[in-house]
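Chemist: The end of the sequence shown is residue 305 by our numbering, with every number in the run present. Please find one structure pasted underneath; my questions will follow.
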Amino acid sequence: MVFKILKKAAQVVYSAAVWTVSFAWMGAVAVTWAAVSTVVPSRKTHNYIGGPGMGAVLKITLSKVEIIYDPDFDPERRGVFMMNHVNLLDAHAACASIPHAFCGLMNAWQFKIPMYGWIMKLADGIPVPDGKNRYRAIAEAARDRAKKGISILAFPEAHRTLDGKVAEFKRGVFWMARIAGLPVIPLATHGMYDLMQKGSYLLTPTKITIYVGAPIETKGLSDAELAEVMERAHKIIADFAERGIVPGRAAPIPSDATPIASGA
């Protein structure tokens, strides 16, 4: 009992220290990025300031981070990165692994969050409007970002996982990608659920592995073909996130994280 209490206390102290350092670091990165962006467009400084700066937060947690790129992944191709949603540090994993400028797709109210909303505006984020034609409006914004050399990050589950498993994908972001004529790119993380879970701000350093997949075309597809793309992307992301399975490899990646048991 005493050992558990001491272990919990150590985790609380460690987590508080990580969040304090992380917020201070993100503030410094954001201010620097904003200052430089008055002279150079932020999308051009993403690879030097925004991306590595925000991605470094994972290292602040003392976690080991490994990135695996599919042989057919094209770092120069812009598209819609579809990522499994685990915790508040998912965007930092994206920053650590997407090798070019990207922006987030998020609810309009999130742009009002102090610091976070500021960073999202700086990155040219796309607010999701209300109304029946919102997917077309989002697609037009996504097409505009791609022309500027900016990819889009989306969480097709729409919500963070409660059990570490990848929930069913929503169709809207795939329709958006098709209308915009952009490929979808699977982006999966393994170990993030062990780092932090929804409903808690406590952190546990672990091994985090990120997989960036090959682009999957959506332009000109029928509804049935797009549904197959959604199913394919879901399988790639779920296999990696839950079991560490990389497409084309015979065995799962070695990991400190415990695979999520079926039916858990």
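Ideal Cβ positions, reconstructed from N, Cα and C, are used throughout, including at glycine.
Based on the DSSP secondary-structure assignment, which residues constitute the bridge partners of G145?
Modeler: DSSP output for G145 lists L194 as bridge partner(s).
Chemist: Exposed or buried, which one is F215 when buried takes at least 16 other CB atoms within 10 Å?
Modeler: With 16 or more other Cβ atoms within 10 Å, it is buried.
Chemist: Sort A187, T230 and V270 by Cα distance to I278 and report the nearest one.
Modeler: The shortest C-alpha separation from I278 is found at T230.
Chemist: DSSP state of T250, grouped into three classes?
Modeler: Three-state result, T250: strand.
Chemist: DSSP three-state call for M123: helix, strand or coil?
Modeler: Looking at M123 - three-state DSSP - the assignment turns out to be strand.
Chemist: Is the segment 245-254 touching the segment 144-154 in the sense that three or more CB pairs, one from each, lie closer than 8 Å?
Modeler: No, they do not touch.
Chemist: DSSP beta-bridge partners for P168?
Modeler: Note: P168 sits in a beta bridge opposite M147.
Chemist: Rounded to a whole number of angstroms, what is the C-alpha to C-alpha distance between A97 and E269?
Modeler: The straight-line gap from Cα to Cα measures roughly 35 Å.
Chemist: Work out the CA separation of M237 and A65 for me, nearest whole Å.
Modeler: Going by the C-alpha atoms only, they are around 20 Å apart.
Chemist: When DSSP labels each residue in this structure, what does P227 get in the three-state scheme?
Modeler: Note: P227 maps to strand in three-state DSSP.
Chemist: Candidates I191, L262 and T250: which alpha carbon is nearest G222's?
Modeler: Of the listed residues, the one whose Cα sits closest to G222 is L262.
Chemist: Report yes if the C-beta distance between I257 and I108 is below 8 Å; otherwise report no.
Modeler: Not in contact: I257 and I108 (Cβ atoms no closer than 8 Å).
Chemist: What does I108 pair with, by DSSP beta-bridge criteria?
Modeler: The partner list for I108 (beta bridge, DSSP) reads I251.
Chemist: From the DSSP output, in three-state form, read off I257 for me.
Modeler: Looking at I257 - three-state DSSP - the assignment turns out to be strand.
Chemist: Tell whether a beta-carbon distance below 8 Å holds between A149 and P170.
Modeler: Yes. Within cutoff.
Chemist: For S56, which residues from the same chain have a beta carbon less than 8 Å from its beta carbon, with the 5 sequence-adjacent residues on both sides left out?
Modeler: So the qualifying residues of the chain are Y242, L243 and L244.
Chemist: Nearest to K126 by alpha carbon, out of L228, S78 and A178?
Modeler: Note that residue 126 is His in the sequence shown, not Lys. Considering only alpha carbons, the answer is L228.
Chemist: Give me the Cβ distance between A137 and L103, rounded to the nearest whole Å; I'm assuming they're in contact under 8 Å.
Modeler: Not confirmed; about 15 Å, so no contact.
Chemist: Do P293 and R284 have their C-beta atoms within less than 8 Å of each other?
Modeler: In this structure, R284 lies closer than 8 Å to P293 by Cβ.
Chemist: If you follow the alpha helix (DSSP H) that L236 is part of, which residue opens it and which one closes it?
Modeler: M233 to L236 is the span of the alpha helix (DSSP H), which, as asked, contains L236.
Chemist: If you check the beta carbons only, do I226 and G120 fall under 8 Å apart?
Modeler: Going by C-beta atoms, I226 is nearer than 8 Å to G120.
Chemist: Taking C-beta to C-beta, are I160 and A71 nearer than 8 Å?
Modeler: A contact, by the Cβ cut-off of 8 Å.
Chemist: Could you give the first and the last residue of the continuous alpha helix (DSSP H) run that contains P322?
Modeler: The question about residue 322 has no answer here: the residues shown for the chain are numbered 42 through 305.
Chemist: Can you tell me whether DSSP reads P300 as helix, strand or coil?
Modeler: The predicted model places P300 with a pLDDT of 46, which falls under 50 and marks its position as unreliable; any figure quoted below should be read in that light. Here P300 sits in coil by DSSP.
Chemist: Relative to the C-alpha of K260, which candidate in P224, I179, F114 and A58 has its C-alpha closest?
Modeler: Ranking P224, I179, F114 and A58 by Cα distance to K260 puts P224 first.
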